[in-house]
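To convert, count from 1 in the sequence shown and add 1; that's the working numbering.
Each residue gets a CB set at the ideal place from its N, CA and C atoms; glycine is no exception.
Note that the coordinates shown come from a computational prediction; the quantities given were computed from them, not determined experimentally.
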Amino acid sequence: MKLVFATNNQHKLDEVRKITAGYTEIVNLSDINCHDDIPENADTLEGNALQKARYIKEHFGYDCFADDTGLEVEALDNAPGVYSARYAGPGHDSEANMNKLLHEMEGQTNRKARFRTVIALILDGKEYLFEGIVNGTIIQEKRGGSGFGYDPLFVPDNYSQTFAEMGNDIKNQISHRAEAVKKLTAFLSNYTL
Ligand code: IMP
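What follows is the structure, given as structure tokens:
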């Protein structure tokens with residue numbers, strides 16, 4: 002089976018391809034010659050994932066899936082959530098986003114947070130949603146150099162290293178995206194027309 006993953010983010014593509022290897026061939030947006038700025042302005046992760054997948058289906062005709070992820074911090078009423086990429090402004094600057102988060106969390110004793118990924122799949126005219134969650138803690142200062150986004154500030158439950166310290170091999174086995182992709186893969190491997 003061949004599916005379009007509505008992303009140009011190489012980190013995500015690598016992560017997803019590792020999990021789906023052998024089941025499904027995943028191509029990305031450049032592979033289908035899509036260089037559009039795909040709208041992503043819903044106010045939920047589910048809404049954004051569906052919006053991206055529907056755009057590809059509508060404009061390019063391919064069955065596809067799209068994801069959206071947010072960091073939900075309990076003490077901040079689940080912010081930055083769907084606004085995680087542009088928390089500190091439209092520049093999608095991870096350093097600025099992390100600095101803003103640390104600032105907002107100053108003096109907070111409840112440091113509980115979770116990453117949540119939603120994947121929307123469009124297949125044979127039907128829409129499906131898959132969710133992956135990893136719970137953890139926001140630490141007081143950045144640690145580690147791998148990964149991306151908020152990884153240096155997030156220690157998943159039952160680990161002592163941040164996502165950015167543990168390296169992609171371990172992160173990719175336990176991450177929110179991994180959990181959502183595993184659900185997607187399980188669904189696809191059982192799928193019959
Ligand atoms: P996206 O929906 O996957 O593009 O994620 C939105 C934003 O959430 C990203 O720009 C990152 O700031 C953050 N994010 C998503 N996934 C991760 C992750 O695995 N680690 C750290 N930050 C992430």
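Rounded straight-line distance, which links the Cα of Y88 to that of E16:
24 Å
Suppose contacts are defined by Cβ-Cβ distances below 7 Å. Is P153 in contact with T138 by that definition?
no
Would you kindly work out how many angstroms separate the C-alpha atoms of Y129 and K143, rounded to a whole number?
36 Å
How long is the line joining the alpha carbons of D37 and K19, rounded to whole angstroms?
26 Å
Going residue by residue through the segment 60–89, where are the continuous alpha helix (DSSP H) segments of at least 4 residues, counting only ones entirely within it?
none
Could you work out which residue in D125, Q141, L4, A22 is closest to M106 when comparing CA atoms only?
Of D125, Q141, L4, A22, the residue nearest in Cα terms is Q141.
Excluding the 5 residues preceding and the 5 following I168 in the sequence, name in chain order all residues of the same chain whose CB lies nearer than 6 Å to its CB.
Going by the sequence as given, residue 168 is Gly instead of Ile. So the qualifying residues of the chain are S147.
Determine the direct distance from the alpha carbon of P91 to that of N34, and round the result to whole angstroms.
If I take the Cα positions, the gap works out to 25 Å.
Out of S176, F61, F66, T70, which one is the CA nearest neighbour of L51?
For the options S176, F61, F66, T70, the alpha carbon positioned closest to that of L51 is the one of F66.
Pull up the distance between the alpha-carbon of A181 and that of G133, whole angstroms please.
4 Å
Of all the options A54, E26, Y151, which has the alpha carbon lying nearest to the alpha carbon of D94?
It is Y151.
Would you mind sorting N173 into buried or exposed? The rule is 16 or more other CB atoms within 10 Å of its CB.
buried
Is D64 near the ligand IMP - that is, is its Cβ less than 6 Å away from at least one heavy atom of it?
no
Is DSSP giving L4 helix, strand or coil here?
strand
Is A179 buried or exposed, if buried means 16 or more other CB atoms sit within 10 Å of its CB?
buried
Can H60 and T118 be called in contact, C-beta distance under 7 Å?
no
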